[in-house]
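Take 3 as the starting number for the sequence shown in our numbering and just add one per residue. The beta-carbon is built from N, C-alpha and C at its ideal position, and this holds for glycine as well. In this text, all values refer to a predicted model and were calculated from it rather than measured experimentally. I have placed the structure first, in the form of structure tokens, so that the comments after it can refer back to it.
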Amino acid sequence: MTCPPPGAVKYYFYLWRDEGTDQDVHDLLRWPLREKRKRLADPSPVVLDTQSIHVAVGVPATTTGRDAAKKVPGRKRCLAVDVVGLVIDCIVLPASAHENTAGIALLDGVTEQCDTVKKALVDQGFKKKVVDHGRHVGIDVEIVERNPDDKGFVPQAKRWIVEQTNGIGSMFYRRLVRDYEHRPASSRSRVLWAMTSVMSRRLTGATIASWRTT
């Protein structure tokens with residue numbers, strides 16, 4: 003198979019990122035996949051979460067920070083997913099950004115994407131400001147509290163699906179394991195294209211070899 007010239011690939015990646023074509027293609031696959039799962043095209047509940055990731059050498063320091071809680075220098079990838087793990091919105095911030103900042107930005111992004119969302123589940127990292135902002139935009143934000151008796155990583159009911167989405171992005175798309183992009187907008191676009199690939203395979207029943215076996 004002959005691949006197109008790198009310059010052409012970069013040209014269309016940046017063009018489609020700036021025009022919003024990456025979002026359009028992503029959503030055109032998300033809708034039929036949800037319907038294939040016997041659900042409405044747009045969701046009612048969503049799950050919000052953040053993931054702090056390292057960046058590559060050369061990424062501008064002005065777009066990065068350090069997550070003091072997780073001790074990770076880099077960027078914070080913020081996702082809003084539906085109950086089957088499909089991305090509704092993605093925002094990329096410096097890792098130093100507070101969970102409240104991420105949560106408020108995600109709620110705004112979700113309301114722009116679809117007006118059907120009425121509930122959002124979040125972990126204890128998100129605080130009252132997010133709950134109040136959710137009330138302002140018409141979304142009931144529920145903070146799912148961790149069982150104090152749990153030790154180590156224990157999946158939380160209903161919230162675990164966003165961890166699966168993060169795992170798909172990090173483990174099967176090497177580009178997302180570390181953030182190589184100079185612009186956060188490009189990082190966001192990479193997530194959308196990764197999920198576009200995931201949804202294409204789920205709709206067609208196709209499989210792809212893991213990079214660990216190729």
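- Taking L17 as the centre and dropping the five residues before and after it, the same chain places the C-beta of T23 closer than 8 Å to its C-beta, in chain order.
- K78: member of the beta strand (DSSP E) spanning V74 to V83, first to last residue.
- DSSP places D29 inside the alpha helix (DSSP H), whose first and last residues are T23 to K38.
- Here R41 is not near I55, since their CB atoms are 7 Å or more apart.
- Rounded to the nearest whole angstrom, the C-alpha separation of L95 and P186 is 7 Å.
- Per DSSP, the continuous alpha helix (DSSP H) segment holding K131 begins and ends at K130 to V139.
- Closest by C-alpha distance to L81, out of M197, L205 and G207, is M197.
- Taking A97 as reference, the option from V132, R137, K131 and T52 with the minimal CA-CA separation is T52.
- Around the beta carbon of L88, 16 or more other beta carbons sit within 10 angstroms, so the residue counts as buried.
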